[in-house]
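Pasting the structure below:
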(Lines of atoms letter the chains of each structure in order from A; the text may use other names.)
(Lines give C-alpha, C1' and ligand atoms only; values in the text may rest on other atoms or scores of the structure.)
Protein backbone atom coordinates (compact mmCIF):
# COMPACT_ATOMS: atom_id res chain seq x y z
CA UNK A 118 0.00 0.00 0.00
CA UNK A 119 1.03 3.55 -0.50
CA UNK A 120 0.86 6.61 -2.66
CA UNK A 121 0.99 5.80 -6.39
CA UNK A 122 1.03 8.89 -8.60
CA UNK A 123 0.53 9.12 -12.34
CA UNK A 124 0.81 11.70 -15.09
CA UNK A 125 -1.44 10.55 -17.88
CA UNK A 126 -2.03 11.71 -21.45
CA UNK A 127 -5.19 11.63 -23.51
CA UNK A 128 -6.32 12.97 -26.85
CA UNK A 129 -9.57 14.08 -25.20
CA UNK A 130 -10.02 17.74 -24.37
CA UNK A 131 -12.11 17.63 -21.16
CA UNK A 132 -14.79 20.26 -20.62
CA UNK A 133 -13.65 20.71 -17.01
CA UNK A 134 -10.05 20.69 -15.74
CA UNK A 135 -10.96 18.36 -12.85
CA UNK A 136 -13.13 15.33 -12.14
CA UNK A 137 -13.58 14.11 -15.72
CA UNK A 138 -13.53 10.60 -17.15
CA UNK A 139 -11.64 9.28 -20.15
CA UNK A 140 -11.10 5.83 -21.60
CA UNK A 141 -8.17 6.55 -23.92
CA UNK A 142 -5.46 7.59 -21.44
CA UNK A 143 -1.94 6.25 -21.29
CA UNK A 144 0.76 6.70 -18.68
CA UNK A 145 3.29 9.46 -19.24
CA UNK A 146 5.08 9.38 -15.89
CA UNK A 147 4.94 7.56 -12.56
CA UNK A 148 6.01 8.47 -9.03
CA UNK A 149 5.90 6.29 -5.95
CA UNK A 150 5.49 7.94 -2.55
CA UNK A 151 6.46 11.53 -3.43
CA UNK A 152 3.98 13.27 -1.12
CA UNK A 153 5.32 16.79 -1.65
CA UNK A 154 4.53 16.55 -5.38
CA UNK A 155 1.12 15.17 -4.45
CA UNK A 156 0.53 18.13 -2.13
CA UNK A 157 1.36 20.54 -4.95
CA UNK A 158 -1.08 18.75 -7.24
CA UNK A 159 -3.75 18.74 -4.53
CA UNK A 160 -3.48 22.53 -4.23
CA UNK A 161 -3.80 22.82 -8.02
CA UNK A 162 -6.86 20.55 -7.96
CA UNK A 163 -8.53 22.78 -5.37
CA UNK A 164 -7.53 25.92 -7.28
CA UNK A 165 -9.20 24.55 -10.42
CA UNK A 166 -12.44 23.82 -8.60
CA UNK A 167 -11.97 20.26 -7.37
CA UNK A 168 -13.95 19.46 -4.27
CA UNK A 169 -13.62 15.66 -3.93
CA UNK A 170 -11.19 13.83 -1.68
CA UNK A 171 -7.94 14.03 -3.64
CA UNK A 172 -7.65 10.34 -4.46
CA UNK A 173 -8.37 8.77 -7.87
CA UNK A 174 -9.46 12.13 -9.31
CA UNK A 175 -7.83 13.89 -12.28
CA UNK A 176 -6.52 17.43 -12.63
CA UNK A 177 -5.38 18.81 -16.01
CA UNK A 178 -1.90 20.28 -16.22
CA UNK A 179 -1.64 23.19 -18.67
CA UNK A 180 1.60 24.83 -19.81
CA UNK A 181 1.30 27.61 -17.22
CA UNK A 182 0.81 24.98 -14.49
CA UNK A 183 3.99 23.24 -15.64
CA UNK A 184 5.85 26.57 -15.58
CA UNK A 185 4.73 27.17 -11.98
CA UNK A 186 5.57 23.60 -11.00
CA UNK A 187 9.04 23.83 -12.54
CA UNK A 188 9.70 27.08 -10.68
CA UNK A 189 8.60 25.50 -7.41
CA UNK A 190 10.66 22.36 -8.01
CA UNK A 191 13.81 24.36 -8.78
CA UNK A 192 13.24 26.61 -5.76
CA UNK A 193 12.54 23.51 -3.65
CA UNK A 194 9.12 24.92 -2.73
CA UNK A 195 6.92 21.84 -3.05
CA UNK A 196 4.73 21.85 0.06
CA UNK A 197 5.67 19.44 2.83
CA UNK A 198 2.87 16.88 2.68
CA UNK A 199 2.14 13.80 4.72
CA UNK A 200 -0.52 11.15 4.81
CA UNK A 201 -1.18 7.58 5.76
CA UNK A 202 1.24 5.38 3.73
CA UNK A 203 2.43 8.44 1.72
CA UNK A 204 6.10 7.95 2.47
CA UNK A 205 8.43 10.92 2.47
CA UNK A 206 9.88 13.17 -0.24
CA UNK A 207 13.62 13.47 0.34
CA UNK A 208 14.93 15.61 -2.51
CA UNK A 209 16.23 12.72 -4.63
CA UNK A 210 13.15 13.18 -6.85
CA UNK A 211 14.48 16.49 -8.28
CA UNK A 212 15.87 15.21 -11.62
CA UNK A 213 12.92 12.89 -12.16
CA UNK A 214 10.48 15.76 -11.52
CA UNK A 215 12.22 17.88 -14.15
CA UNK A 216 12.14 14.93 -16.57
CA UNK A 217 8.38 14.78 -16.06
CA UNK A 218 8.08 18.51 -16.87
CA UNK A 219 9.94 17.99 -20.17
CA UNK A 220 7.79 14.99 -21.13
CA UNK A 221 4.59 16.82 -20.24
CA UNK A 222 5.54 19.89 -22.30
CA UNK A 223 6.29 17.66 -25.28
CA UNK A 224 2.94 15.89 -24.96
CA UNK A 225 1.06 19.20 -24.82
CA UNK A 226 3.01 20.43 -27.87
CA UNK A 227 1.75 17.31 -29.66
CA UNK A 228 -1.85 18.32 -28.90
CA UNK A 229 -2.40 15.94 -26.00
CA UNK A 230 -3.97 16.68 -22.65
CA UNK A 231 -1.78 15.92 -19.64
CA UNK A 232 -3.33 15.24 -16.28
CA UNK A 233 -2.34 14.02 -12.84
CA UNK A 234 -4.09 11.39 -10.79
CA UNK A 235 -3.18 9.26 -7.81
CA UNK A 236 -4.26 6.25 -5.83
CA UNK A 237 -3.60 5.61 -2.16
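Residue numbers (this note's numbering): 118 to 237. Every residue, glycine too, gets a C-beta built ideally from N, C-alpha and C.
Distance between residue j and residue i (C-alpha atoms, nearest Å)
{"i": "residue 146", "j": "residue 217", "result": "6 Å"}
{"i": "residue 178", "j": "residue 208", "result": "22 Å"}
{"i": "residue 205", "j": "residue 142", "result": "28 Å"}
{"i": "residue 72", "j": "residue 224", "result": "This structure leaves residue 72 out entirely; the chain is present only between 118 and 237."}
{"i": "residue 195", "j": "residue 133", "result": "25 Å"}
Delimiting residues of the alpha helix (DSSP H) encompassing residue i
{"i": "residue 157", "result": "152 to 164"}
{"i": "residue 188", "result": "180 to 191"}
{"i": "residue 222", "result": "211 to 226"}
Residue from the options whose Cα sits closest to the Cα of residue i
{"i": "residue 210", "options": "149, 219 and 177", "result": "149"}
{"i": "residue 191", "options": "180, 197, 234 and 212", "result": "212"}
{"i": "residue 214", "options": "228, 130 and 188", "result": "188"}
{"i": "residue 172", "options": "193, 119 and 228", "result": "119"}
Where the beta strand (DSSP E) through residue i begins and ends
{"i": "residue 121", "result": "121 to 127"}
{"i": "residue 231", "result": "230 to 236"}
{"i": "residue 149", "result": "143 to 149"}
beta-carbon residue i near the ligand FMN non-hydrogen atom, thresh 6 Å
{"i": "residue 149", "result": "With respect to the ligand FMN, the structure shown offers nothing to examine, as it has no ligands at all."}
Inter-residue CB distance, residue i and residue j (contact presumed, cutoff 8 Å)
{"i": "residue 230", "j": "residue 126", "result": "7 Å"}
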